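Chemist: Quick one: this structure, given as C-alpha cells, is what I'll be asking you about.
There are 2 protein chains.
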Amino acid sequence: MRKDAVQNRERLLQAARQLFADRGLDVPLDEIARAAGVSIGTLYNRFPTRDALVEAAFADRAATVTELAEHALAMDNPWEGFVAFLTGVCELQAADLGYNDLAARTAAVDGDRGYGLMREILERAQRGGELRADVTLTDMAFVVWGVAATVRATHKVAPGAWRRHLALALDGLHATAAHPLPIPPMSTAQTRAALRDC
Amino acid sequence: MRKDAVQNRERLLQAARQLFADRGLDVPLDEIARAAGVSIGTLYNRFPTRDALVEAAFADRAATVTELAEHALAMDNPWEGFVAFLTGVCELQAADLGYNDLAARTAAVDGDRGYGLMREILERAQRGGELRADVTLTDMAFVVWGVAATVRATHKVAPGAWRRHLALALDGLHATAAHPLPIPPMSTAQTRAALRDC
DNA sequence: CCTCAAGTTGAGAGGCCCCTCAAGTTAGCT
DNA sequence: AGCTAACTTGAGGGGCCTCTCAACTTGAGG
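Which chain is which? The protein sequence lines are A and B, in order.
Mapping to the UniProt record's numbering: the first sequence position 186 is 186, numbers consecutive.
Mapping to the UniProt record's numbering: the second sequence position 83 is 83, numbers consecutive.
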C-alpha cells in the first residue's frame with residue numbers, strides 16, 4: 001500500500017472514531033470523509049462498506065475487553081471480578097456512543113474472541129456463590145442492551161446515570177436476590193440472531 | 001367535519017396502528033397512507049405531523065395504563081401490585097413495537113395523566129417493605145428503557161425473552177437485593193429531558 | 001526523469017423520505 | 001339542481017444519504 005494511502009486510512013479512522021464516539025454509529029459517511037480531509041471516494045476505496053470502517057475503527061476494543069476480562073479473573077473475589085468486568089464494559093460504552101451502539105450488537109456471546117473469558121468470569125462467580133446460579137451467558141445481553149439504552153437516552157443530560165441502572169441490574173443478578181425466573185434463557189442461537197438485527 | 005373525512009381519519013388510524021405495531025414508530029408515512037387506501041395529502045390533512053398521528057393512534061393507551069395502575073393498587077400485596085403494573089406495561093410494549101418505542105419516550109414521569117398513580121404504586125410498595133427504599137420514580141425509566149431495548153432486539157427471534165429481563169430487573173428492585181446505589185437518582189427534569197431525545 | 005500502477009477526486013445517479021399545493025372532486029345545505 | 005366549503009389527490013421540489021466511475025494526480029521503482 002502506498003504511503004499516502006496509509007496516511008489517508010489513518011486519517012479516516014481517526015475522524016471516524018471521533019464522530020462515532022460523539023454521535024453514534026450512524027454518522028453519514030461523507031461527513032467522516034470531510035472530517036478526515038479526504039473525498040468520499042477515498043473513503044470507499046479504503047473501506048468498501050460501513051461495517052468495514054466500523055470494524056477497523058473499533059478493532060482495538062476486543063483487546064481492551066480481553067484485558068478487562070483477565071483483570072477481572074485475577075481478582076480474588078469472583079463476584080467483584082464479575083462486577084468489575086461488567087462495569088468496565090459499560091464504561092467503554094458510556095465513553096463512546098459508537099461503541100455503545102456496537103456493544104448492543106456484539107454483547108457477550110461473541111464466542112470467537114476473548115469473550116470465552118466472559119463465560120469463565122460468570123461461572124467462577126457462580127461457583128463463588130454470589131452470582132445467582134440460574135443466569136446464563138445469554139442473560140448478559142440484557143445488561144448490555146439495557147445500559148446501552150440508558151446511555152443513549154441520558155448521555156447528554158445525565159451522564160453517569162447508567163451507573164445507577166447497572167447497580168440495580170447487578171443487584172438483580174446477586175444470589176441473595178434470586179427468585180425463580182419465569183422462562184428459560186435464550187439459546188445462543190437466539191441471542192446471536194437478536195444481536196444481528198440491532 | 002364531513003363524514004368522508006371522518007372515515008378517512010379512521011382508516012388512517014387503523015392502518016397506522018397496524019403498521020406501527022408491526023414495525024415500530026418510524027414507518028414511512030406514505031406507506032401508512034397507502035395501507036389506508038388514501039393519498040399522502042389526505043394523511044397530512046388529518047394529521048399535520050407524525051407526532052399528531054402517533055398521539056391519536058395511541059390515545060387509548062393512557063386509559064389502559066391507568067386501568068392497569070388502578071388494578072395494581074387494588075391488589076392486597078403492594079409488591080405484587082408493583083410487579084403486576086410493570087408487567088402489564090411491558091406486556092403492552094411487547095405486543096406493539098410502536099408502543100414499545102413510544103413507551104421509551106414516555107416512561108414513568110409523565111406526571112400529567114394517570115402516571116401519578118405510578119408514584120402511589122411505588123410508594124405503597126416501599127411502605128410495604130418489599131420494594132427497596134432507595135429507588136425513585138425516575139428509576140422506573142431504566143426498567144422501561146431496558147425492556148424496550150430487549151423487545152426491539154428479540155421480538156422476532158425470542159418473543160417473551162423480555163419476561164426474563166424484567167424478572168431480573170424486578171429482583172434487583174426487591175428490598176432483599178438492595179446494596180447501596182452508587183449515585184443519586186436522576187431528577188425529574190433530567191428524566192424528562194432524556195425521554196425527549198428518544 | 002519517466003512511467004504506470006496505485007490512489008484520489010467529486011459530480012452525479014439513485015433511493016428514500018418528507019411535505020406542499022394547485023387542480024380536481026364531493027358532501028351536504030338551500 | 002345548484003352551489004360552495006370541505007376535502008382529496010399525487011406529481012413534484014427538496015433534503016439527506018449512499019455508492020460509482022471516468023478523469024485526473026501522484027508515489028515510487030527502474
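Glycine is no exception: its CB is placed at the ideal position from the N, C-alpha and C atoms.
Note that the structure is predicted; figures quoted are calculated from it, not measured.
Is C198 (chain A) close to chain B? Criterion is C-beta to C-beta, closer than 8 angstroms.
Modeler: It does; some Cβ of chain B falls within 8 angstroms.
Chemist: Pull out every residue of the region 26-51 of chain A whose Cβ sits closer than 8 angstroms to any Cβ of chain B, in chain order.
Modeler: Result list empty, no residue passes.
Chemist: Since R163 (chain A) meets chain B, which of its residues come closer than 8 angstroms, beta carbon to beta carbon?
Modeler: Under the 8 angstroms cutoff, chain B gives P182 and I183.
Chemist: Apart from the five residues on each side of it in sequence, which residues of its chain come closer than 6 angstroms, Cβ to Cβ, to M186 (chain A)?
Modeler: Once the five neighbours on either side are set aside, the close Cβ partners of M186 (chain A) are T138.
Chemist: Can you find a C-beta in chain A that's less than 8 angstroms from the C-beta of A95 (chain B)?
Modeler: So, not an interface residue.
Chemist: Quick one: list the residues of chain B neighbouring A84 (chain A), beta-carbon separation under 7 angstroms, in chain order.
Modeler: Going along chain B, no residue has its Cβ under 7 angstroms from A84 (chain A), so there is no contact; the nearest lies around 13 angstroms.
Chemist: Check whether the Cβ atoms of A177 (chain A) and R127 (chain A) lie closer than 8 angstroms to each other.
Modeler: Not a contact, by the Cβ cut-off of 8 angstroms.
Chemist: Classify L181 (chain A) as helix, strand or coil using the three-state DSSP reduction.
Modeler: In the structure shown, L181 (chain A) sits in coil (DSSP, three-state: anything other than H, G, I, E or B).
Chemist: For Q7 (chain B), count neighbouring Cβ atoms within 10 angstroms of its own Cβ and tell me buried if that reaches 16, exposed if not.
Modeler: It counts as exposed.
Chemist: With a CB to CB cut of under 7 angstroms and the five nearest residues on each side skipped, what residues in its chain are close to A119 (chain A)?
Modeler: First, the amino acid is wrong: residue 119 (chain A) is Arg here, not Ala. The answer, listed in chain order, is L137.
Chemist: DSSP three-state label for H174 (chain A), please.
Modeler: It is a strand residue.
Chemist: Can a CB atom of chain B be found closer than 8 angstroms to the CB of V89 (chain A)?
Modeler: It does not; no Cβ of chain B falls within 8 angstroms.
Chemist: In terms of alpha-carbon separation, which member of B:R105, B:A158, B:R196 and B:T66 lies closest to G24 (chain B)?
Modeler: Here the closest residue by C-alpha is B:R105.
Chemist: Rounding to the nearest angstrom, what Cα-Cα distance links W145 (chain A) and D96 (chain B) in this structure?
Modeler: If I take the Cα positions, the gap works out to 19 angstroms.
Chemist: Residues in its own chain within less than 8 angstroms of Y99 (chain B) by CB, not counting five upstream and five downstream?
Modeler: Once the five neighbours on either side are set aside, the close Cβ partners of Y99 (chain B) are F20, A21, F58, R61, L92 and Q93.
Chemist: Count Cβ pairs between the region 74-90 of chain A and the region 42-56 of chain A that sit closer than 8 angstroms; are there 3 or more?
Modeler: In short, these stretches do not touch, since the Cβ pair count stays below three.
Chemist: Cα separation between residue 235 (chain A) and F47 (chain A)?
Modeler: This structure gives no information on residue 235 (chain A), because the portion of chain A shown stretches from 1 to 198.
Chemist: Give the straight-line distance between the Cα atoms of G116 (chain A) and A103 (chain A), rounded to the nearest whole angstrom.
Modeler: Rounded to the nearest angstrom, the two C-alpha atoms are 16 angstroms apart.
Chemist: Please list, in chain order, all residues of the same chain as P159 (chain B) whose beta carbon is under 8 angstroms from its beta carbon, the five residues on each side excluded.
Modeler: Around P159 (chain B): A94.
Chemist: Is A141 (chain B) near T188 (chain B), with beta carbons less than 8 angstroms apart?
Modeler: The answer is no: Cβ separation not under 8 angstroms.
Chemist: Do the CB positions of F85 (chain A) and I121 (chain A) come within less than 8 angstroms of each other?
Modeler: Result yes, Cβ atoms of F85 (chain A) and I121 (chain A) sit closer than 8 angstroms.
Chemist: Under 8 angstroms, Cβ to Cβ, is there at least one residue of chain A near V6 (chain B)?
Modeler: For V6 (chain B), the answer is no, since every Cβ of chain A falls outside 8 angstroms of its Cβ.
Chemist: So, is T154 (chain A) buried or exposed, given that buried needs 16 or more other C-beta atoms within 10 angstroms?
Modeler: It is buried - the Cβ of T154 (chain A) has at least 16 other Cβ atoms within 10 Å.
Chemist: Based on Cα-Cα distance, which residue from B:D4, B:L168, B:G88 and B:L181 lies nearest to V135 (chain A)?
Modeler: For the residues B:D4, B:L168, B:G88 and B:L181, the minimum Cα distance to V135 (chain A) belongs to B:L168.
Chemist: Check whether the Cβ atoms of A149 (chain A) and A148 (chain B) sit closer than 8 angstroms, and answer yes or no.
Modeler: Yes.
Chemist: Just verifying my parser: in three-state terms, what is the DSSP assignment at L195 (chain A)?
Modeler: Helix at L195 (chain A).
Chemist: I'd like to know whether the C-beta of A193 (chain A) is nearer than 8 angstroms to at least one C-beta of chain B.
Modeler: At least one chain B Cβ lies under 8 angstroms of A193 (chain A).
Chemist: At 8 angstroms on the CB atoms, spell out the chain B contacts of T154 (chain A), in chain order.
Modeler: Those are M186, Q190 and A194, listed as they occur along chain B.
Chemist: By Cβ distance below 7 angstroms, which residues in the same chain neighbour A69 (chain A) in space, the five residues on each side in sequence not counted?
Modeler: Taken in chain order, the residues that qualify are F85, G114, L117, M118 and I121.
Chemist: Hey, is L131 (chain A)'s beta-carbon within less than 8 angstroms of any beta-carbon in chain B?
Modeler: For L131 (chain A), the answer is no, since every Cβ of chain B falls outside 8 angstroms of its Cβ.
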